[in-house]
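One structure below.
Number of protein chains: 2
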Amino acid sequence: MRFKQNPLITPSDVKASRPDYEVVCVFNPAVTIYRDEIILLLRVAERPIQTNGYISVGVLDVNSSRGDYENIHISREAESLNDKDCRVINYKGQSYTTTISHLRIARSKDGVNFKIEDKPFISASGVHDRYGVEDARITQIDNDYYITFASISSEGVSTALAKTSDWKSYEYLGIIFAPMNKDVVIFPRKINGKYIAVHRPDAGEFARPSMWLASSPDLSHWGESSLLMKTRDNMWDSHRIGAGSVPVETEKGWLSIYHGCNEFSEYRLGLLLQAKNDPSKIIFRSSEPLMSAEEEYEQNGFFNHVVFTDGLAYFPEQDRIFLYYGAADLCVCGAEFSFSQLLSKTDGGYKNPDRNFSDRLSSKTSKISNI
Amino acid sequence: MRFKQNPLITPSDVKASRPDYEVVCVFNPAVTIYRDEIILLLRVAERPIQTNGYISVGVLDVNSSRGDYENIHISREAESLNDKDCRVINYKGQSYTTTISHLRIARSKDGVNFKIEDKPFISASGVHDRYGVEDARITQIDNDYYITFASISSEGVSTALAKTSDWKSYEYLGIIFAPMNKDVVIFPRKINGKYIAVHRPDAGEFARPSMWLASSPDLSHWGESSLLMKTRDNMWDSHRIGAGSVPVETEKGWLSIYHGCNEFSEYRLGLLLQAKNDPSKIIFRSSEPLMSAEEEYEQNGFFNHVVFTDGLAYFPEQDRIFLYYGAADLCVCGAEFSFSQLLSKTDGGYKNPDRNFSDRLSSKTSKISNI
Numbered sequence: 001m002r003f004k005q006n007p008l009i010t011p012s013d014v015k016a017s018r019p020d021y022e023v024v025c026v027f028n029p030a031v032t033i034y035r036d037e038i039i040l041l042l043r044v045a046e047r048p049i050q051t052n053g054y055i056s057v058g059v060l061d062v063n064s065s066r067g068d069y070e071n072i073h074i075s076r077e078a079e080s081l082n083d084k085d086c087r088v089i090n091y092k093g094q095s096y097t098t099t100i101s102h103l104r105i106a107r108s109k110d111g112v113n114f115k116i117e118d119k120p121f122i123s124a125s126g127v128h129d130r131y132g133v134e135d136a137r138i139t140q141i142d143n144d145y146y147i148t149f150a151s152i153s154s155e156g157v158s159t160a161l162a163k164t165s166d167w168k169s170y171e172y173l174g175i176i177f178a179p180m181n182k183d184v185v186i187f188p189r190k191i192n193g194k195y196i197a198v199h200r201p202d203a204g205e206f207a208r209p210s211m212w213l214a215s216s217p218d219l220s221h222w223g224e225s226s227l228l229m230k231t232r233d234n235m236w237d238s239h240r241i242g243a244g245s246v247p248v249e250t251e252k253g254w255l256s257i258y259h260g261c262n263e264f265s266e267y268r269l270g271l272l273l274q275a276k277n278d279p280s281k282i283i284f285r286s287s288e289p290l291m292s293a294e295e296e297y298e299q300n301g302f303f304n305h306v307v308f309t310d311g312l313a314y315f316p317e318q319d320r321i322f323l324y325y326g327a328a329d330l331c332v333c334g335a336e337f338s339f340s341q342l343l344s345k346t347d348g349g350y351k352n353p354d355r356n357f358s359d360r361l362s363s364k365t366s367k368i369s370n371i
Numbered sequence: 001m002r003f004k005q006n007p008l009i010t011p012s013d014v015k016a017s018r019p020d021y022e023v024v025c026v027f028n029p030a031v032t033i034y035r036d037e038i039i040l041l042l043r044v045a046e047r048p049i050q051t052n053g054y055i056s057v058g059v060l061d062v063n064s065s066r067g068d069y070e071n072i073h074i075s076r077e078a079e080s081l082n083d084k085d086c087r088v089i090n091y092k093g094q095s096y097t098t099t100i101s102h103l104r105i106a107r108s109k110d111g112v113n114f115k116i117e118d119k120p121f122i123s124a125s126g127v128h129d130r131y132g133v134e135d136a137r138i139t140q141i142d143n144d145y146y147i148t149f150a151s152i153s154s155e156g157v158s159t160a161l162a163k164t165s166d167w168k169s170y171e172y173l174g175i176i177f178a179p180m181n182k183d184v185v186i187f188p189r190k191i192n193g194k195y196i197a198v199h200r201p202d203a204g205e206f207a208r209p210s211m212w213l214a215s216s217p218d219l220s221h222w223g224e225s226s227l228l229m230k231t232r233d234n235m236w237d238s239h240r241i242g243a244g245s246v247p248v249e250t251e252k253g254w255l256s257i258y259h260g261c262n263e264f265s266e267y268r269l270g271l272l273l274q275a276k277n278d279p280s281k282i283i284f285r286s287s288e289p290l291m292s293a294e295e296e297y298e299q300n301g302f303f304n305h306v307v308f309t310d311g312l313a314y315f316p317e318q319d320r321i322f323l324y325y326g327a328a329d330l331c332v333c334g335a336e337f338s339f340s341q342l343l344s345k346t347d348g349g350y351k352n353p354d355r356n357f358s359d360r361l362s363s364k365t366s367k368i369s370n371i
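Residue numbers (UniProt numbering), protein chains in the order written: chain A, 1 to 371; chain B, 1 to 371.
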C-alpha cells in the first residue's frame, strides 16, 4: 500500500549543491537502517540554471582539485544536437547526460518525514564519474555499510563501491564492474564462503540487458560471472531488467524486488525469490508486476510511467517492509507491505523459462532447419 | 622481420573438429614456452560444410552433455538476413557468428614448424560461450599457465579464465570480465601486492573501446578497474585498441605489443611501455605502428588488412623475440625481433595525450561556451 503522504520528497525539498544549479529530480534512493533511523541515499539530479535558447549541462572539471563543475551550453538550434531523450543528449557525436547526479543522505525516524542534508555525501570525483554518480544500493555487513553506485562518464556506465560505518565519511573502494554495468546489489552475507552480487552488464546491440551473478572473496574483487535471468518476451519485463533491493533472507530463500521495463520504457517492479544456498536457482519470479505506475506522480514526471526501487527497510518484529522508490524519475515515494504477505505471493513456485537456455534459439532453429 | 616461411599455419593444416565441419580460419594464437617447446594456442574457426544457397552456422547444443553442435541453415535469400559482415550475421533480429571457434594446441621446437593437435584443447562448453571461444592469451606464473579467452554467446562477449600446468588438461575458473569485455592480458607477477590485468570493456554507442586496468588478489576475482588509454583521433589506433602480448618486464618498464585499428578497420600493432611499479603510467606508446598489413597474406584473407597479436616468445639469452600474429583473420604468421632493438624504440619517451583526460571535452567546451 502506497504511503498516503506520497510523494515523500520532491525537488523543491532539496537544496542545490551549488548556487548556480537547480535540482531537477530527486529519486531512486538506496535504503538502510542506521541506529534508530531510516537512511535514504537519494539520487539528486542537477543542472545549471537554464538560459533561454540553450541546453546547459554540467560535468566535473577533472582538473579541479575542489570538485568544481564546468558548464557546457549548447544552442537548441544547433544542427548536430539530438535532444529527443530527456535524459541523454548527443552533440557533435558526443553524449552528455542532461543532469549530473550526486548521492545525498536523508534521515527519518518514522519512515515518512525525512531530514535532507544540505550537502552531497558522494559526488563525481574523477574521470570515471565525470557525468555524475547515480542509483546507489546499500548492503549492511556487520557494522559496515557497502554502497554500490553507477559512475557515469563519456567512457560509459560502470559500478563503483564505497564503504562507511558512520554515515559521515566514506572510503572509496574503486570500480568493481567495468562498463557497461549497473544495478549492482550485494547479498548481505557470504554464501558458500563467498560474497555474491547481482550485476547487469549491457551487451549493447548484442543482447538485451540481463541480470548476472558474480562472487567475491572480499567485496572489492569480483569473478565467476554467470547469467542469472533474462528479459521475457511479451511480458512486463520484456525489454530491460535489473536488481532493485538487497535480498532479504527467509526460510524459503532470498526475497528481493527487481525492476523490469517493456518496449515502451514503462518500468515496473516484481518479486524474485532465489534459493538460499544457491542464488543462481530462481524459485519464483513475478508473472504479473508487484507495482506499476498508477498514480499521477508515477505516470507523469521527468521520465514518465516509472516505478523503480533501489531498496527497502525491513522490520521483522512488525512483519513490515517500507519500500522506497523513484516515481517517474522525479520524486521519492514509499509503500508499505506486510512481509509475510509479500513472501506468500511466491507460494506455489514458478517454472522459470530462463533456466531453459535453448529457448529463443531452438525455437528458431526448428523452424528453419527443415531445408 | 617476418619469417620467410610465412604463413606458418593455414586452415588446410588443421583437421576439423567434426566430420561435417570445415576449418575456415586459423589465427590469433596465444603463445608460451613449455619445457623445450613453443606452444601456440590457436584460434580455429569452423563452420558446417556449406550448402549452395544457404549460410550454415554452428552453435553449441547446450542440452548436449557431449558438446554437440547444432547447425542453423539460413537461406541466402531470406529477407531478414543481414550478411554484410563476413564475421557476424543478423537474422530475424538475432546475431550469429559465421564461424564457431575453439582453441587448439600447436607445438614447435624451432618456432617455425608446428605440430598441430588433432583435437581441440578448449571448446564451447555452456551458455556463455555457445558461439565459441576466441583469442586466448597465456600468462605463466610459477609452474601454472593462466589462459584468458573470449567467450561468445547471444548474451555478448565476455572473458573467461582457465589454468593448466601440463598442457593436457585444464581447470575452468569462470568468467572474470562480464560482457562486453575481451582482449584481457594478465601481467606475469604481482605488482604492489596484487595481480594486474589489462581489459577492454566496450561501452557500445557510449564510447569507443578503451583499454582499462584491473587488480586481483587471486587471478579469479577482479576489481579497481580504471581507464588506462583511449583511441587517438587521426592516428593508426583511432577507432579501436586492445592489449596483445603479455608484458615483458624490463629495466625501463613493462613492454608489450598492442593492437589498434582505424576507421577503415585496418588493424596494426604498436609498442606500449608501462611503468614498472605503476602500470597505469604510460611511458611510451607508438606514434607510428610497429607492424602494418603489408604482405599479400596480411592484406587479403578472411577479414582484410589485419595484423593482430595475442602473444610472443622471448628468449633473453639470445636477445630474441618471436612474435606470432594472425594475418587477415585467416592464418598464423610470425616475425623475429631483437628485443633490445625493440626496447630502444621507446627511447626518448613520449608525451601521452591520454593522461590529459580533459582532451576531447575541453576543446569542445571552449568553443561553445562563449554564448
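Note that beta-carbon positions come from the ideal geometry of N, C-alpha and C, so glycine has one too.
Along the chain, where does the beta strand (DSSP E) that runs through residue i open and close?
i              : result
residue 373(B) : Residue 373(B) lies beyond the residue range present for chain B, which begins at 1 and ends at 371; the question has no answer from this structure.
Gln140(A)      : Gly132 to Ile141
Phe177(B)      : Glu171 to Phe177
Phe27(A)       : Tyr21 to Tyr34
Asp342(A)      : For the sequence presented, residue 342(A) should be read as Leu rather than Asp. That residue, Leu342(A), is in no beta strand (DSSP E); its alpha helix (DSSP H) goes Phe339 to Ser344.
Val62(B)       : No beta strand (DSSP E) contains Val62(B), which DSSP labels as neither H nor E.
Lys84(A)       : That residue, Lys84(A), is in no beta strand (DSSP E); it is neither H nor E in DSSP.
Arg47(B)       : Glu37 to Pro48
Asp144(A)      : Asp144 to Ser153
Thr98(A)       : Counting along the chain, Thr98(A) falls outside any beta strand (DSSP E), and DSSP gives it neither H nor E.
Ala160(B)      : Gly156 to Thr164
Around the Cβ of residue i, are there at least 16 other Cβ atoms within 10 angstroms (buried) or fewer (exposed)?
i              : result
Pro120(B)      : buried
Cys86(A)       : exposed
Gln50(A)       : exposed
Gln341(B)      : exposed
Met1(A)        : exposed
Gln318(B)      : exposed
Gln140(A)      : exposed
Pro19(B)       : exposed
Tyr91(A)       : buried
Pro316(B)      : exposed
residue 405(A) : A question about residue 405(A) goes unanswered here, because the residues of chain A that appear run from 1 up to 371.
Ser216(B)      : buried
Gly348(A)      : exposed
If you run the structure through DSSP and keep just helix, strand and coil, what is residue i?
i         : result
Glu317(A) : helix
Ser123(B) : coil
Arg2(B)   : strand
His305(B) : coil
Ser108(B) : strand
Asp118(B) : coil
Asp13(A)  : helix
Asp129(A) : helix
Gly348(B) : coil
Name the DSSP bridge partner or partners of residue i?
i         : result
Met291(A) : Leu269(A)
Arg66(A)  : DSSP output for Arg66(A) lists no bridge partner at all.
Asn71(B)  : Gly58(B)
Asn52(B)  : Bridge partners of Asn52(B): none, in fact.
Asn90(B)  : Asn82(B) and Ser95(B)
Phe322(B) : Ala313(B) and Glu336(B)
Ala327(B) : Val307(B) and Cys331(B)
The alpha helix (DSSP H) that contains residue i, what's its start and end?
i         : result
Glu77(A)  : From DSSP, Glu77(A) is part of no alpha helix (DSSP H); its letter is neither H nor E.
Glu296(B) : Glu296 to Gln299
Strictly below 9 Å CB to CB, what residues from chain C border residue i?
i         : result
Met180(A) : Included in the structure are the protein chains A and B, with no chain C among them.
Taking only runs of the beta strand (DSSP E) that begin and end inside the stretch 178 to 255 of chain A, which ones reach a length of at least 3 residues, in chain order? 181 to 186, 195 to 201, 211 to 216, 223 to 229 and 240 to 242
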